[in-house]
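Below you'll find the structure, written out as C-alpha cells, and then a few comments.
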Amino acid sequence: MKMIVLFLFVFISGVFANNANSQETKVSISKNNKPIREVLSEIERQTDYLFVYSEKEVDVNQHTTVNVKQQRVAEVLSSLFRNTNVGYAMEGHNIMLMAKTNQTDASLQKRIITGVVKDIKGETIIGANIMIKGTATGVSTNIDGEFSIEAAVGDELVVSFIGYLTQTVKVGSQKTLNIKLLEDSKTLEEVVVVGYTVQTKSAVTGSVAVVKADKLKDVNTLEVGNMLQGKVSGVYVSGSSGEPGQASKIRIRGKGTLNSSVSPLWVVDGVIVGEDPGLNPNEIDNISVLKDGSATALYGSRAANGVIVVTTKRGEYDANKYSISVNAGVSLLSTGRLEMMNSQELYDYQKSWNNQSWFTEELLKHNTDWFKEASKPGLYTNANITYTGSSGRMRSFVMADYYREEGAIKDFTLDRFTFRSNNDVKFTDRFTMSTKISGSLSRTDSQQRSVYNTYLYLPWDYPYNKDGSIRSGQEQDWRGRDGINDMYDLQWNWGRSKKLTVDGTINFNYQITDWLRFESNNYIRYISNRSESYTDKRSRSGQSDKGSLSNSNSLLTKQFTNQMIRFEKSFGKHKVNALGAYEYTRHFYESTSAEGRGIQPGREILDVTTGIKSIGGYKDAIATQSALFNANYDYDNRYMGQVSYRMDESSCFGKNNRMGHFFTVSGGWNIQNEVFFESLRESIDQLKVRVSYGSLGNTPGAYYGHYPLYSSMMYNDEVAYFPSQMGNADLSWEKCYTTNIGIDARFFDRFGVTIDLYNKNTSDLLYYAPLPNISGYTGQYKNVGAINNKGIEISLNADVIRTSKFQWTSDFNIGFNRNRVTELYGGKPELKGLKRLEEGRDMDEWYLREWAGVDPANGSPLWYTTDENGNRVTTDSYNKADRVYCGSAAPKFTGGWMNSFTYKGFTLTANFDFVYGNLLYNQSRELLDSDGAYADYNSMKLKSGWKRWEKEGDIATHPKAINGGNKNSNKSSSRYLEKGNYFSLRNLSLGYSIPEKLCGKLGLQRVNVSCSADNLFTFTPFSGVSPQLSDSSTDGYAGTIYPLSRRIVFGLNVSF
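Using the UniProt record's numbering, read the sequence shown as starting at 1 and increasing by one per residue.
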C-alpha cells in the first residue's frame, strides 16, 4: 500500500518525462564514510531533484564514501547503489528509491517488447515517448500509436506524452503491452498532421491550423471546402453558385499567380490527390491547413497556394461500435437583397418612357412571380452508417453514406452514394499493412432550367393558358425578350450526368529497429464522367437543329507511390525525427464528346441523329518524380528546429528546367518551459515563438507550354499541319519564397491566441508573352513577372464560461492580406477584362470609367474625364470618359466567429463568417438596372437611398429612364461597383444528447437529436444575389446566378 502511495505521489507531483530535469545534470560531492542520507541531501541541495523512498525498504543510514567532480546524477546513483538491493527511477524532479526484486539470468536478457498507447477513450496516441528508466534509451509511438523497444524483464518503461499523466510500466514475461494514459487537463494538446509527419502542437514550427471533425459537420453540405468557410484565419472561401454540389473556391493567403491555378493542394491520408478530393464529410477525422513554407515545403512544386491535409477515420482496437445517423430537411430559395419588380411596379416605372403600342394597362391583368414558379422547397436527405472496431489483428473503419438534395430551383436533383473501408492488419510485431478503399457514385438530373432567364422574365407574361397547357412564348401577347418560356421547353428537354470515383490505397509498414521504419504507400484513382443532354425538336431551343443530343465521356486515372524511410530516436532530452523518400505520380486523362442534330422524340441515341453538329476529343498525360528529406529536432520541448528539402522533376516543363529544388528552415522556442519562466506559468500556460523561411513552387495549368505544338487543317483535300505554338525548353516552375513569424500563447488555461505575420514573394510567373507577327506565332509561354502577398493572421480561442453544468467556448479568427504586382512582362500594364495589371498595384484592381452621378439639370449620366488642361471634369459621353483604378475585388480582411454553448445534455452552436473591404462588380444591374435599355426585361427594385431622376433639379442616383437606354448609362463603369462586405450567420444548430444511463438501459452508447439551419441571415450593403457568390473563373464578378438557399435540417444519431 505504501508503495502505491509512493507511486501516486510521484505521478501527481512529477511533470512529464520530456519536460523532466535533464539526466545530464552534474554534481560534485566529497563524502568520506558518511551516511547515504547525507549524499542524497547534497544532491538535493545542488539540483532540483527530490528523493522519495521508504526507510523500511531503503537503508539510508548505511555509511558510504563518495568523491566525484562534475559527474551525472544518474552515474553517481548507479555507483552509490552498486552491489546493493536498492534501485532508483528518475521521474521529472523526483528520484524514487526502492528495493530491487530478485532476477534470474534469463530475466536480464533483453528482447523486443511491442505495444500500443491509447487514451482513456481508446484512441491511439501518436508521438508518445517510451523511455527505459535510468537510461537514455527511448522510442516514440508511430501514427498507429504503436511502439517497439528492446528491454529486459524487470525494466520499467516510462510512458509520457504532453497533455497526459506519465505512467510507468514494468516489463514482465509479456511481449505485448496495452498502455492507457490519463489526460492532464492543464497541458492536454492536440496532435497535428503536418505533411508527411505527425507532431504535437507544441513542437510545430510552421503555420498550421487544425479543424477537427466535430467542427466540420456544423454546415449541411456535400462539399468539404464549404465546411472550412470562416474557420481558419487567412483562408478565404467563396462559392461560384448555390447549385447543389457546386465546388467552392479556396484562397490561402491571397492569390500568387496570374494564369496558373490558385487553388490549394489537397492531400488525403498522405496521398497527393490534387484539387478535388471528392470526400464525404462523414469519413473525415480532421483537416490540417498548412500555410507557410515550413509546413508546406515537403510538397515542393505544388505547394505555393497552401496545402490542405485530410486524415480519414480509422478503426479502434478493442472497441466495436456502430453509428447510424439520419438527417432530413428542406432548402428554401433566397435571392438576397435582389428584389424584382411586380407587375404594377414595372408598369409605373416604364409608363413615362415606354412608347410601344402594346404598353397599356391591359398588362396589369397578370402579375407572375417567376421565381415562385421556378422554385419549391427542396428536400434534403442524408443517411449514414459506420462501423469501427477490431477482430484479432485487424481493425477497421467502414462507412456507407447516401446523400440526396433537391435544389430550391425546380428540376434539379443530386444523388450521391459514398463508401469507404479503412483496414489495418498487424501481421507481426514489426510488420503491418493498411488498405483503404473508397468510392462514390453521383448523379445529377437537370431539366435545363435557366436561372438567368428567371430574373429577366416580365411579370406581365404568364406561363399557362386557360386550359392549363404551357405557353411557348411565341404568342402575340408575349412581351418578354426572345419569346422564350423555359417551362415550355422543360416538358421535353433534359440533362443528366454520372460520376464514378474509385480510390484504392495499400500501405506497408516495417519496423526495422526500434528507431528505424520503412513505409511503402501506393495509391490509384479512377474517375469516370458521363453526361448527356437532350433538346427536343418541339422545344423553342431545339427548333433550329430539329432536336439534338449530346454525349460526353471522360476518364481520369492517377497513380501515386511513395517509398519512405523514417528515423525516430530520443536521447535523454534530445528528440530527432527524420525521413527520406522517393515519390512518383502519373496522371492520364482522356475525353470524347459528340453532338448530333435532327432527332425524333423517343430515339435518344446518337446513332439515329441525322447529322453531326460537333465532335471532339482530348488526351493529356503528365508525370512527376521526387526525392525529399525532412529532419526535426526537439530539445527538452524548449527548442525546436526543422529543415526540409524536395527535388521535383516534371514532364510539364522544358528539358532544360525539368528539375526544381525547394527547401525550408524553421525554428521554435517554447519560452514557458524555461526555468526563468516558472513564476509566470500559473498565468501563462504557453508562450511560443516560431520563425520559418522556405521556397515553394506552382505547377502551370498549361501542361504542354514548353512544347512546340501543331494544329491540323484540310489543304487540297489532304490533312495538313501548321505550327500553332512556339516551344520553350527553359520553361520552369513558378517560384514562391515565404517568410513567417508566429506567436502562440495561452493564458490561465482558458484563453489562447495565435498571431502570424507572413511575406510571400512569387516570381517566374507563367505568362503567354506576345511575339511579333513576323514570327508566325501570337505568343510564347515564358517565366516572367512577380507578385507579393503579405499579411497578418490572428486566431483567438477561449473557454469563456467553464463550470460543471455550463460551458461556453468561442473561437475567433481574422486574416489581413495585401497583394501587389511587383513585375510584369516588359514592365507594361495589361488589361484583363474590367481589371488591369500594373506594377505596384493590386492584381485584382478594377479599371473602369469612373461614375460621376446624374446631371440634376437633365437626368443624363455623368462620368469623369480629363480635359486638355489636365483637370478632372465630368462628361455625359461614355466614350470620352477615362478608365481609372476604382478599387479591388480582393477583401482587406476575412474571418469567422464560432461559438458553442453546452448545458447538461444540450449543445447550441452559432457560427458566423465575415468579409470586408472588397468591391464586387454587380453584372446583374447592367440588365436589371439599365435605365430603359432593356424594356423587355424585368427590373430590380431601387434600394433604400436610391432615387431615379424625374424632373429638373432632382438630386438622384439613377439617370432618367429612356426607351433604349440613356447614353450608355448601363455599360460597364464604377456605377455597378458595390461593397462586398458581409457578416453572415453561417449556421445555427441545437442538439440534445440523451443521458448515458438511459442509453445504457436501452442497450445504446449514445443518442443525439438535433436541428440546424444554414444561411439564416446576411448583413451586407450589396444589392445583388449574394456577396458570397461570384463567377467561378473571374473573382469579383457577381451576376444572375443560382442563389444560395436557406436550409433547415433535423437529425438523429445513434451509436451502439
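Built from N, CA and C at the ideal position, the CB exists for glycine as well.
These figures come from a predicted structure and were not determined experimentally.
CB contact check: residue i to chain C, cutoff 8 angstroms
i: residue 741; result: You won't find chain C in this structure, because it holds only one protein chain.
Cβ shell of residue i (< 6 angstroms), same chain only, five flanking positions each side left out
i: residue 446; result: 412 and 495
i: residue 523; result: 271, 505 and 560
i: residue 507; result: 434 and 521
i: residue 388; result: 315, 316, 321 and 397
i: residue 812; result: 796 and 897
i: residue 1046; result: 332, 334 and 1015
i: residue 587; result: 558 and 622
i: residue 531; result: 497 and 552
Where residue i sits in the DSSP three-state scheme
i: residue 765; result: coil
i: residue 723; result: strand
i: residue 986; result: strand
i: residue 928; result: helix
i: residue 670; result: strand
i: residue 1041; result: coil
i: residue 829; result: coil
i: residue 476; result: coil
i: residue 515; result: coil
i: residue 291; result: coil
i: residue 177; result: strand
i: residue 443; result: strand
i: residue 1001; result: helix
i: residue 401; result: strand
i: residue 343; result: helix
i: residue 108; result: Below a pLDDT of 50, predicted positions are generally treated as unreliable, and residue 108, at 49, falls in that range; no measurement from the model is reported.
i: residue 773; result: helix
i: residue 610; result: coil
Residue i vs residue j beta-carbon contact at 8 angstroms
i: residue 969; j: residue 861; result: yes
i: residue 481; j: residue 441; result: no
i: residue 193; j: residue 311; result: yes
i: residue 747; j: residue 814; result: no
i: residue 764; j: residue 735; result: yes
i: residue 195; j: residue 265; result: no
i: residue 66; j: residue 86; result: no
i: residue 756; j: residue 207; result: yes
i: residue 139; j: residue 515; result: yes
i: residue 1030; j: residue 238; result: yes
i: residue 670; j: residue 729; result: no
i: residue 841; j: residue 883; result: no
i: residue 204; j: residue 143; result: no
i: residue 219; j: residue 987; result: yes
Cut-off 7 angstroms between Cβ atoms - residues of its own chain near residue i, not counting five sequence neighbours on either side
i: residue 1; result: In this prediction, residue 1 has a pLDDT of 39, which is less than 50 and means its spatial position is unreliable; nothing more can be read from the coordinates.
i: residue 880; result: 865
i: residue 534; result: 493, 494, 549 and 604
i: residue 104; result: Note that residue 104 has pLDDT 42, beneath the 50 cutoff, so the model's placement of it is unreliable and no number is given.
i: residue 463; result: 368, 373, 470, 471, 485 and 487
i: residue 354; result: 935 and 963
Residue i beta carbon near the ligand NAD (any heavy atom closer than 7 angstroms)
i: residue 239; result: Of ligands this structure carries none, so the ligand NAD is not represented either.
Same chain, Cβ closer than 8 angstroms to residue i, neighbours up to 5 away in sequence not counted
i: residue 647; result: 300, 626, 627, 628, 659, 660, 661 and 662
* Take every Cβ of the segment 835-844, pair it with every Cβ of the segment 888-905, and state whether three or more of those distances are shorter than 8 angstroms. => yes
Three or more C-beta pairs below 8 angstroms linking the segment 277-288 and the segment 212-220 | yes
Exercise. When the Cβ atoms of the segment 608-617 are set against those of the segment 587-598, are three or more pairs found closer than 8 angstroms?
Worked result: The segment 608-617 vs the segment 587-598: in contact.
- Taking one C-beta from the segment 984-998 and one from the segment 921-932 each time, how about it: are there three or more such pairs within less than 8 angstroms? no
Review point. Between the segment 323-339 and the segment 376-384, do at least 3 Cβ pairs fall closer than 8 angstroms?
Key: Segments in contact, yes.
Check whether the segment 337-356 and the segment 240-255 are in contact - that is, three or more C-beta pairs closer than 8 angstroms.
Contact fails: fewer than three Cβ-Cβ distances are below 8 angstroms.
With three or more beta-carbon pairs closer than 8 angstroms as the criterion, would you say the segment 419-428 touches the segment 346-355?
no
- How do the segment 235-244 and the segment 399-412 stand: do at least 3 beta-carbon pairs fall below 8 angstroms, yes or no? Yes, the segment 235-244 is in contact with the segment 399-412.
*asked:* So, does the segment 574-589 touch the segment 628-643, judging by three or more C-beta pairs under 8 angstroms?
replied: The answer is yes - the segment 628-643 touches the segment 574-589, with three or more Cβ pairs under 8 angstroms.
**Message:** With a threshold of 8 angstroms, are at least 3 pairs of Cβ atoms found where one atom belongs to the segment 175-184 and the other to the segment 710-726?
**Reply:** no
Are three or more beta carbon pairs between the segment 968-983 and the segment 945-955 nearer than 8 angstroms? no
Q) Quick one: complete beta strand (DSSP E) runs, 3+ long, within the segment 867-919? A) 872-875, 883-888, 893-903 and 906-916
request  = Would you mind listing the beta strand (DSSP E) stretches within the segment 21-101 that are 3+ residues and don't spill past its ends, in chain order?
outcome  = Here the runs fully enclosed are 26-35, 50-52, 63-72, 86-91 and 94-99.
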